[in-house]
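Quick notes on the structure that follows.
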Amino acid sequence: MQLIGSIILNIITPVFILIGAGAFLHRKFKFDLNTLSKLTTYLLLPVIGFVNIYESRISAEMLLSIFFFWACQSVSLIFLTEGVARIFKFDKKLASTYKNSVVLNNSGNFGLPVSQLVFVGNPVGQSIQILMMVFQNLLTYTYGLVNSISANTTDFRGIMKEFLKIPILYALLLGLILHAFSIPLPDFLWNPITSVADAFLAVALITLGAQSAYLKFHKLSLPLILSLSGRLIISPAVALVIIFALKLDGTLAQGLLIASSFPSSRNSALFALEYNNYPEYAAQTVIVSTIASSITVTFVVYLSKILF
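What the sequence shown shows, in full-length UniProt numbering, is residues 1 to 308, in sequence order.
This is how it looks when you write it as structure tokens:
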């Protein structure tokens, strides 16, 4: 019980204080969400990604393990959600949004701050989440986008173009190159970079709170229940099975299990809105899964600590 209390107090509570602050301030002052989104996407995420990779000590073997885990889990969730959608005879638009809500998680402005708090002083643990976030972005702008478009059309042109616009990819590549060749950065560059990286946690969570400030919840429908159970319960359960099957342990196992437990991705709601695939249901899934994750993520973090 002491460990659970510590997790709630030191990890979950700070996250939701900042989310609540973002929601309150947005309702009072009406933030420019487009500006906040661009600030996070084009500055904060690339910089925090660069810093973690540049300072990381992840071996090639660990990188391969992370990728293989992510691939196994993603494929498992894709097949599971496809089966559920067929069993309940969802129409194409509803099936598209349901599948995205389970397969895609909020690994960026929710998952990364949580991992920073869980693995404070542990750059390997934080780097694991950085890599999982990159792989999730890959999944989002391939499977997630195709899934959303396919409910309306079979024209998939421009998907790769959109993916290549993600700035964190180039920040990570630069970080890998500098890390591989042990190239030091002068203080006049490194100091502002670390200052921006330090700002990521607060700004990302305040932005998430602002994005959630006006989302409405009406009722607990069957698709919503299936989305919540799939994202918050089945996903970490599948991850645990894969971790045991691959015989992973230590920080790697902890990081991967925690990374599997995050709430539904904001992108799933954005895709649903853009392609008119039940956008209200998608938005409800994001906000309810984020709130419910205060309980489920706490349990998963606790489980990771006692198992690994």
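Just so it is clear, CB atoms sit at the ideal spot from N, CA and C, and this is done for glycine as well.
- CA-CA distance, Lys99 and Asn52? Here residue 99 refers to the residue found at position 99 of the sequence shown. Here residue 52 refers to the residue found at position 52 of the sequence shown. Answer to the nearest angstrom: the Cα atoms are 31 angstroms apart.
- Message: Going by the DSSP bridge assignment, what does Ser264 pair with across the sheet?
- Response: Counting from one through the sequence shown, the residue named residue 264 turns up at place 264. Ser264 pairs with Asn105.
- Does the Cβ-Cβ distance between Met132 and Ile87 come in under 9 angstroms? Here residue 132 is taken as the residue at index 132 of the sequence shown, counted from 1. Here residue 87 is taken as the residue at index 87 of the sequence shown, counted from 1. With respect to the 9 angstroms criterion, Met132 and Ile87 are not classified as neighbours on the basis of their beta carbons.
- Check the C-beta distance from Gly111 over to Phe262 and give it rounded, since I have them as a contact under 8 angstroms. Along the sequence shown, read from residue 1 onward, the residue named residue 111 stands at position 111. Along the sequence shown, read from residue 1 onward, the residue named residue 262 stands at position 262. In this structure Gly111 touches Phe262 by the C-beta definition: roughly 4 angstroms separates them, less than 8 angstroms.
- Message: At the level of alpha carbons, what is the spacing between Asn10 and Ile295?
- Response: Reading the sequence shown from its first residue, position 10 is the one you call residue 10. Reading the sequence shown from its first residue, position 295 is the one you call residue 295. A direct Cα-to-Cα measurement between Asn10 and Ile295 gives close to 14 angstroms.
- Applying the criterion that 16 or more other CB atoms from any shown protein chain within 10 Å of the CB defines a buried residue, is Ile183 buried or exposed? By one-based count along the sequence shown, residue 183 stands at place 183. With fewer than 16 other Cβ atoms within 10 Å, it is exposed.
- Tell me whether Asp32 sits in a helix, a strand or coil according to DSSP, three-state version. On the sequence shown, residue 32 is found 32 positions in, with the first residue counted as 1. Collapsing the DSSP output to three states places Asp32 in coil.
- Message: Tell me which residues share the same chain as Asn267 and place their Cβ nearer than 7 angstroms to its Cβ, disregarding the 5 neighbours each side in the sequence.
- Response: On the sequence shown, residue 267 is found 267 positions in, with the first residue counted as 1. Result list for Asn267: Leu104, Thr140, Gly144, in chain order.
- Item | Backbone CA spacing between residue 352 and Ile206 [nearest angstrom] | It is not possible to answer for residue 352, since the shown part of the chain is limited to 1 through 308.
- If we ignore side chains and look at the alpha-carbon of each, how far apart do Ile148 and Glu82 end up? Walking along the sequence shown from the start, residue 148 turns up at place 148. Walking along the sequence shown from the start, residue 82 turns up at place 82. Per the sequence shown, the amino acid found at residue 148 is Ser instead of Ile. Going by C-alpha positions, Ser148 is about 14 angstroms away from Glu82.
- With a 10 Å radius around its C-beta and 16 neighbouring C-beta atoms as the bar for buried, classify Phe200 as buried or exposed. By 1-based counting over the sequence shown, the position of residue 200 is 200. Under this definition Phe200 is a buried residue.
- Would you say Gln73 and Ala245 are within 9 angstroms of each other, going by their C-beta atoms? Your numbering for residue 73 matches position 73 in the sequence shown. Your numbering for residue 245 matches position 245 in the sequence shown. Ala245 sits away from Gln73, with the two beta carbons spaced by 9 angstroms or more.
- Task: Compute the Euclidean distance between the alpha carbons of Ser195 and Ile48, then round it to the nearest angstrom.
- Result: Walking along the sequence shown from the start, residue 195 turns up at place 195. Walking along the sequence shown from the start, residue 48 turns up at place 48. Distance from the CA of Ser195 to the CA of Ile48, rounded to the nearest whole angstrom, comes to 10 angstroms.
- Message: Mapping the DSSP letters down to three states, classify Lys165 as helix, strand or coil.
- Response: Along the sequence shown, read from residue 1 onward, the residue named residue 165 stands at position 165. Coil.
- Between the segment 284 to 291 and the segment 210 to 224, do three or more beta carbon pairs fall short of 8 angstroms? As far as the Cβ criterion goes, the segment 284 to 291 touches the segment 210 to 224, which means the pair count is three or higher.
- Message: Which residue wins for smallest C-alpha separation from Thr290, given the options Val15, Leu36, Phe188?
- Response: Along the sequence shown, one-based indexing puts residue 290 at 290. Of the candidates Val15, Leu36, Phe188, the one whose C-alpha sits nearest the C-alpha of Thr290 is Val15.
- Could you tell me if Phe90 is buried or exposed, where buried requires 16 or more neighbouring beta carbons within 10 angstroms of its beta carbon? Working through the sequence shown from its first residue, we reach residue 90 at position 90. Using a 10 angstroms sphere on the CB of Phe90, the tally of other CB atoms reaches 16 or more, which defines it as buried.
- What is the rounded straight-line gap between the Cα of Ser235 and the Cα of Gln136? Along the sequence shown, read from residue 1 onward, the residue named residue 235 stands at position 235. Along the sequence shown, read from residue 1 onward, the residue named residue 136 stands at position 136. Each residue's Cα considered, the two are about 14 angstroms apart.
- Local Cβ density within 10 Å of Pro223, reported as buried at 16 or more and exposed below that: In the sequence shown, residue 223 corresponds to position 223, counting from 1. Classification of Pro223: buried, given that the 10 Å Cβ count is 16 or more.
- Query: On the premise that Ile243 lies in contact with Leu256, defined as a C-beta separation below 8 angstroms, what is that separation, rounded to the nearest angstrom?
  - Reply: Translated into positions along the sequence shown, residue 256 becomes position 256. Translated into positions along the sequence shown, residue 243 becomes position 243. Right, their Cβ atoms sit about 6 angstroms apart.
- Task: May I ask whether a heavy atom of the ligand GTP can be found less than 8 angstroms away from the beta carbon of Asn105?
- Result: In the structure on display, the ligand GTP does not appear, and there are no ligands present to speak of.
- Query: Taking the alpha-carbon positions, what's the Phe68 to Gly175 distance?
  - Reply: By 1-based counting over the sequence shown, the position of residue 68 is 68. By 1-based counting over the sequence shown, the position of residue 175 is 175. One alpha carbon belongs to Phe68, the other to Gly175, and they sit about 22 angstroms apart.
- Query: Taking buried to mean at least 16 other C-beta atoms within 10 Å of its own C-beta, is Gly5 buried or exposed?
  - Reply: One-based indexing of the sequence shown puts residue 5 at position 5. Classification of Gly5: exposed, given that the 10 Å Cβ count is below 16.
- When DSSP labels each residue in this structure, what does Phe79 get in the three-state scheme? Along the sequence shown, one-based indexing puts residue 79 at 79. In the structure shown, Phe79 sits in a helix (DSSP, three-state: H, G or I).
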